[in-house]
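Everything on this sheet refers to the single structure shown next.
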Amino acid sequence: MGRATTFSRRTLLKGSLAAGSGLVIGFWLPRPGAGPPPAEAADAFAPNQWLSIDRDGVVTIVNSVPEMGQGSLTTMPMIIADEMDAEWSKIKIEQAPANPQLYANPVTGAQAYGGSRGVRDHFEMWRKAGAAARQMLMQAAAQEWNVKVEEVDTEPGYVVHKGTGRKLAYGQLVDKASQLPVPKDPKLKTPDKFRYIGKVVHRTDTREKVNGSGVYGVDVKVPGMLVASIERCPVFRGTLKSFDASATKAVPGVNNVVQVSNGVAVVADSFWSALQGRKALKITWEEGPLAQLSSAEITRGYEALAKQPGMVARKDGDAAKALAGGGKTMEAVYQVPFLEHACMEPMNTTAHVTADACVIWSPTQNPGGAQATGARITGLPPAKVTVNTTLLGGGFGRRGEQDFIVDAVETSKAVGAPVKVMWTREDDIQHGFYRPATYNVFRAAVDTQGHPVAWWNRVVGPGILIQKGRAQAGTIDGAAMEGVRNFPYDIPNVEIEWTEKDYGVPIGFWRSVGPSQNIYIVESFIDEVAHLAGKDPYEYRRALLGKSPRHKGVLELAATKGNWGAPLPEGRARGIAVAFSYGSYAAHVAEVSVAPDGKVRVHKLTGAIDCGIAVNPDGVKAQMEGGTVYALTAAFYGQITLDHGRVQQSNFHDYPMLRINEAPVVEVHILDSGAAPGGLGEPGVPTVAPAVCNAIFALTGKRVRSLPINFDELKKA
Amino acid sequence: MISLVVNGKTQQVDVGPDVPLLWVLREQLGLTGTKYGCGVAVCGACTVHVDGQPIRSCVTTAAAVAGSKVVTIEGLSTKTDHPVQRAWIELDVPQCGYCQSGQIMSAAALLAKMPSPTDADIDDAMSDNICRCGTYQRIRAAIKRAAAIQKGGA
């Protein structure tokens, strides 16, 4: 950090006004053709890019993490406000523009948000940003009073002279503080002094989300804006051969039809008109190499490859020898399907491309990527590409992709007007970046006492990082191995293999990524091994977690709070699972019953989470509650299948979501380990499916080895 | 021209006979609080009240509700203080928030006809509304809280 710079954000129009709470959630709104607003004369104290204080004492905090439901508009300001001792009612929050130089994640180096990285990657940085401001305000007050800085302290919004009780409001110190050098290593609070962190703080964005005023991507309106809908090739990797738009152009309200990378865009004065125009298109596709691809072919291919050796991702001892060593052994195959994210807000983006500027309004998890995409398509330097991040109607990893940004920038460039490109639900389900389908073989051996002596696992499937060019082909994809390679159990002979097989179906990061599927298979199979050993599945895990006390901690907490071992009503059973993902440790105990028709009812899920310092404990609970429902949807219903290279599902009738009548009671218990913060958006997901499936086994004796759960197989004969 | 009564205001809109109310509200009247989620009446994000009944505006044409009283999330209260909104704020129900306009309109319609709903009543009335963030547990609790607020037990 250098010397304090001063600037004002007054030139920004507000995207939405959350009256009453005293908080304003804004985003950079558009003057068509204009770049970022110019810096104004010094009328605020801004020691860094994260905060400024004006003469009225209003603290403006700039949140770099897109708000997709995880609570970044609350947690981020809590951290800054705590260290600077800001008055919560005097805080305004703005969403950062794309500017990786200022706002890139310090760990990944990109202004892109996934991997539950909001708090955990920025915690120290934001604390220091707030602490620097506080230290400078204290120095300014000490100068004003002509006393030593050691004699002053702060309370929310004020510097206080300890001896006399004199006070100066932060707003009164703006000019003086602006003249001071920014401390490089400001002193941070000790946790006992936290004022907001770890306390109950209500979300700052609730009001705008209950009165309809919150602005999501789909709600953006720009003067002169047109609305477009794109017809895409139904087959992945297919291309456009030719199209006839004459009937489309005759549809009232249709303004233009243009070819773009992702298909044919029908541009109209309203979404409804664009849709009618789209129906009238006559398109011939070159369906390409995947035109005959089916889910059955993928499964057969995986199955054949699973019989061949893969790349060795981990080898401890000699698993093959131990398996042949004469103990009790078992083998099992687990499969998971492709899954779509199904954000409630379908993909969309608005763009306005002119000769010397590109302005993008997008519900994106990746503002830096959107800026780069805009620059690539327009040929403009990134500084001429403004990205306004709106509220996101769900993210789950889907909104880190660039396809919906490309749609809008290309279409606007082609028609020379601001254009909002909106996807239908069908577009969204059928043109996703899917959670990879995989095929997994396990073998294990236990000795005469039941101790596991060998654990062997071969995973066959595509690698997300490799498909996206972020890892080299022929290497082991870290995302594919997450959860299987680093399982926590203390077993002497372990071999984990990976075989890459990518059929070309677009794949992506789906809430909790590798662990979303790998924890299901690992935690199901360890349960099988516990039964092979004739041991209680909770005690069996616990005994193998000696080397991972944080796993053990959440496992024990979930078991205690979930009444593991206590009697249950007839027809119910419990299952348990534990995992590490995204910096946090989580465990679940599920309590289930199965109806005569095979339908599973999850009555209760008791969760335990050790996410280190829980910055916003109610937010932690909300993410755990939400993760449970997301995971149960996948366990009960989630399945994208292919036929002739096409996704067979299209909307919520055939890609169903869990509904309130199926939602269990979710209890969340936070284990306060005091460690550095871990992630939360994702860690609530991985252990849910295995806990439920293990409970189903305990109840029925039937092991669920592929998802979604086949209810027919659980029918009582 | 169709005459619509939306949030107490009579408005003339020039749309074809097949245009869903959802798009008239969002694109012509600027009432973007009502959301598009599926277009086929299976997710509930577009729920509004027509003469007090919760309906899916994505499959209801504007023409079909001409002359009826349409209330959207923007018209539920003037100060964001409908009991359901107050309860939602108190319990921090929304996460991404995209489905919440529809959830709130369904909940408000439920409480209007059933002041003390049971869990089963809530499940029954709210199971047409999908929340992908999984706020169902808080929705259940907030509906009960709203029922108490509505009865004057604030």
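Residue numbers (our numbering), protein chains in the order written: chain A, 354 to 1070; chain B, 90 to 243. Note that beta-carbon positions come from the ideal geometry of N, C-alpha and C, so glycine has one too. No experiment lies behind these values; they were computed from the predicted model shown.
- Task: Scan the stretch 141 to 162 of chain B for residues whose Cβ lies nearer than 9 Å to a Cβ of chain A and list them as they occur along the chain.
- Result: 161, 162
- Does residue 916 of chain A get closer than 8 Å to chain B when you measure Cβ to Cβ? Position 563 of the first sequence, counted from the start, is the residue given in the question as residue 916 of chain A. Chain B, which has no Cβ nearer than 8 Å to the Cβ of residue 916 of chain A, makes this no.
- Message: For residue 499 of chain A, tell me which candidate among A:1067, A:938, A:519 has the shortest Cα-Cα distance.
- Response: In the first sequence, the residue the question calls residue 499 of chain A occupies position 146. Among A:1067, A:938, A:519, the Cα nearest to that of residue 499 of chain A is on A:519.
- Is the Cβ of residue 1069 of chain A closer than 8 Å to any Cβ of chain B? Numbered from 1 along the first sequence, position 716 holds the residue referred to as residue 1069 of chain A. Not one chain B Cβ lies under 8 Å of residue 1069 of chain A.
- Query: Residue range of the alpha helix (DSSP H) that residue 868 of chain A falls in?
  - Reply: In the first sequence, residue 868 of chain A corresponds to position 515, counting from 1. Note, residue 868 of chain A: alpha helix (DSSP H), 866 to 885.
- Distance CB(residue 1060 of chain A)-CB(residue 987 of chain A) smaller than 8 Å: As a first step, residue 1060 of chain A is located in the first sequence; it is residue number 707 there, counting from the start. As a first step, residue 987 of chain A is located in the first sequence; it is residue number 634 there, counting from the start. Taking 8 Å as the Cβ cut-off, residue 1060 of chain A and residue 987 of chain A qualify as a contacting pair.
- For residue 336 of chain A, go through chain B and note every residue whose CB falls closer than 7 Å to its CB, in chain order. The shown model of chain A, from 354 to 1070, leaves out residue 336 of chain A, and the question about it has no answer.
- Item | Within-8 Å CB hit, residue 421 of chain A to chain B | In the first sequence, counting from the first residue as 1, residue 421 of chain A sits at position 68. Yes, contact with chain B.
- Message: According to DSSP, is residue 528 of chain A part of a helix, a strand, or is it coil?
- Response: In the first sequence, the residue the question calls residue 528 of chain A occupies position 175. Three-state result, residue 528 of chain A: helix.
- Message: Taking the beta carbon of residue 599 of chain A as the centre, do at least 16 other beta carbons fall within 10 Å, making it buried, or is it exposed?
- Response: Locating residue 599 of chain A in the first sequence gives position 246, where the first residue counts as 1. Residue 599 of chain A counts as exposed, since fewer than 16 other C-beta atoms from the protein chains shown sit within 10 angstroms of its C-beta.
- Tell me the start and end of each unbroken beta strand (DSSP E) in the stretch 416 to 477 of chain A that is at least 3 residues and wholly inside, in chain order. 444 to 448
- Item | Alpha-carbon spacing of residue 1039 of chain A relative to residue 936 of chain A, whole angstroms | Within the first sequence, the letter at position 686 stands for residue 1039 of chain A. Within the first sequence, the letter at position 583 stands for residue 936 of chain A. Taking the straight line joining both Cα atoms gives about 13 Å.
- What three-state label does DSSP hand residue 125 of chain B in the structure shown? Start at 1 with the first residue of the second sequence, and residue 125 of chain B comes out as number 36. Three-state result, residue 125 of chain B: coil.
- Query: When burial is assigned at 16 or more other CB atoms within 10 Å of the CB, is residue 421 of chain A buried or exposed?
  - Reply: Here residue 421 of chain A corresponds to residue number 68 of the first sequence, with the count starting at 1. Label assigned to residue 421 of chain A: buried.
- Item | Which listed residue (A:754, A:407, A:662) has its alpha carbon closest to that of residue 443 of chain A | Reading the first sequence from its first residue, position 90 is the one you call residue 443 of chain A. Checked all of A:754, A:407, A:662; the closest Cα to residue 443 of chain A is A:407.
- Message: If you follow the beta strand (DSSP E) that residue 765 of chain A is in, where does it begin and where does it stop?
- Response: Counted from its first residue, the first sequence places residue 765 of chain A at position 412. Run containing residue 765 of chain A: none in the beta strand (DSSP E); it sits in the alpha helix (DSSP H), 756 to 768.
- Message: So that I know if they touch, is there some Cβ in chain A lying closer than 8 Å to that of residue 181 of chain B?
- Response: Reading the second sequence from its first residue, position 92 is the one you call residue 181 of chain B. It does: the Cβ of residue 181 of chain B has a partner Cβ on chain A nearer than 8 Å.
- Message: Counting C-beta neighbours from all protein chains within 10 Å, is the total for residue 1007 of chain A 16 or more, i.e. buried, or is it exposed?
- Response: On the first sequence, residue 1007 of chain A is found 654 positions in, with the first residue counted as 1. So residue 1007 of chain A ends up on the exposed side.
- Can you name the residues that DSSP bridges to residue 715 of chain A? On the first sequence, residue 715 of chain A is found 362 positions in, with the first residue counted as 1. Its beta-bridge partners are A:742.
- Item | Closer than 8 Å to chain B by CB, residue 425 of chain A | The residue you call residue 425 of chain A lines up with position 72 of the first sequence. Taking Cβ atoms only, chain B never reaches closer than 8 Å to residue 425 of chain A, which makes this a no.
- Item | CB contact check: residue 865 of chain A to chain B, cutoff 8 Å | In the first sequence, counting from the first residue as 1, residue 865 of chain A sits at position 512. False, the Cβ-Cβ gap to chain B never drops below 8 Å.
- Message: Using beta carbons (cut-off 8 Å, strictly below), is residue 1006 of chain A in contact with chain B?
- Response: Along the first sequence, one-based indexing puts residue 1006 of chain A at 653. At least one chain B Cβ lies under 8 Å of residue 1006 of chain A.
- Query: Given that a residue counts as buried once 16 or more other Cβ atoms are within 10 Å of its Cβ, and exposed if not, what is residue 452 of chain A?
  - Reply: For the purposes of this step, residue 452 of chain A is taken as residue 99 along the first sequence, with counting starting at 1. Per the 10 Å Cβ criterion, buried.
- Query: How many Å lie between residue 176 of chain B and residue 552 of chain A at the Cα?
  - Reply: The count along the second sequence starts at 1 and reaches residue 176 of chain B at position 87. The count along the first sequence starts at 1 and reaches residue 552 of chain A at position 199. If I take the Cα positions, the gap works out to 20 Å.
- First and last residue of the uninterrupted alpha helix (DSSP H) at residue 597 of chain A: For the purposes of this step, residue 597 of chain A is taken as residue 244 along the first sequence, with counting starting at 1. Residue range 592 to 597 is occupied by the beta strand (DSSP E) that includes residue 597 of chain A, with no alpha helix (DSSP H) assigned at that position.
- Item | C-beta atoms of residue 811 of chain A and residue 754 of chain A nearer than 8 Å | In the first sequence, counting from the first residue as 1, residue 811 of chain A sits at position 458. In the first sequence, counting from the first residue as 1, residue 754 of chain A sits at position 401. No, they are not a contact pair.
- Item | chain A within 8 Å of residue 188 of chain B, Cβ atoms only | What you label residue 188 of chain B is simply residue 99 of the second sequence in a count that begins at 1. Between residue 188 of chain B and chain A, the shortest Cβ-Cβ separation is below 8 Å.
- Interface residues of the stretch 116 to 140 of chain B facing chain A [CB-CB below 9 Å]: 116, 117, 119, 120, 121, 122, 123, 124, 125, 126, 127, 128, 129, 131, 132, 134
- Item | CB contact check: residue 388 of chain A to chain B, cutoff 8 Å | The sequence position of residue 388 of chain A within the first sequence is 35, counting from 1. Confidence at residue 388 of chain A is low in this model, with a pLDDT of 36, below 50, so its placement is unreliable and the value that follows should be read with caution. Closer than 8 Å: no.
- Query: Thinking C-beta only, is residue 718 of chain A closer than 8 Å to residue 466 of chain A?
  - Reply: Counting from 1 along the first sequence, the entry for residue 466 of chain A is found at position 113. Counting from 1 along the first sequence, the entry for residue 718 of chain A is found at position 365. Cβ atoms of residue 466 of chain A and residue 718 of chain A: closer than 8 Å.
- Drop a sphere of 10 angstroms on the beta-carbon of residue 1065 of chain A, count the other beta-carbons inside from all chains shown, and report buried for 16 or more, exposed for fewer. The residue labelled residue 1065 of chain A in the question sits at position 712 within the first sequence. The residue is exposed, with fewer than 16 neighbouring Cβ atoms inside 10 Å.
- Item | Simplified DSSP assignment, three categories, for residue 1015 of chain A | By 1-based counting over the first sequence, the position of residue 1015 of chain A is 662. Helix.
- Message: With a threshold of 6 Å on Cβ separation, who are the neighbours of residue 117 of chain B within its own chain once the five nearest residues in sequence on each side are excluded?
- Response: Here residue 117 of chain B refers to the residue found at position 28 of the second sequence. Once the five neighbours on either side are set aside, the close Cβ partners of residue 117 of chain B are 102.
- Query: Closest by CA to residue 95 of chain B, which one among B:186, B:170, B:111, B:221?
  - Reply: On the second sequence, position 6 is the one that residue 95 of chain B refers to. The residue with the shortest Cα to Cα distance from residue 95 of chain B is B:111.
- Message: Does any residue of chain B have a CB that is nearer than 8 Å to the CB of residue 625 of chain A?
- Response: Sequence index remark: in the first sequence, residue 625 of chain A carries index 272 (1-based). True, the Cβ-Cβ gap to chain B drops below 8 Å.
- Top-ranked residue by Cα proximity to residue 460 of chain A, from A:472, A:714, A:814: Within the first sequence, residue 460 of chain A is the residue found at index 107, counting from 1. Looking at the Cα atoms, A:472 is the closest of the given residues.
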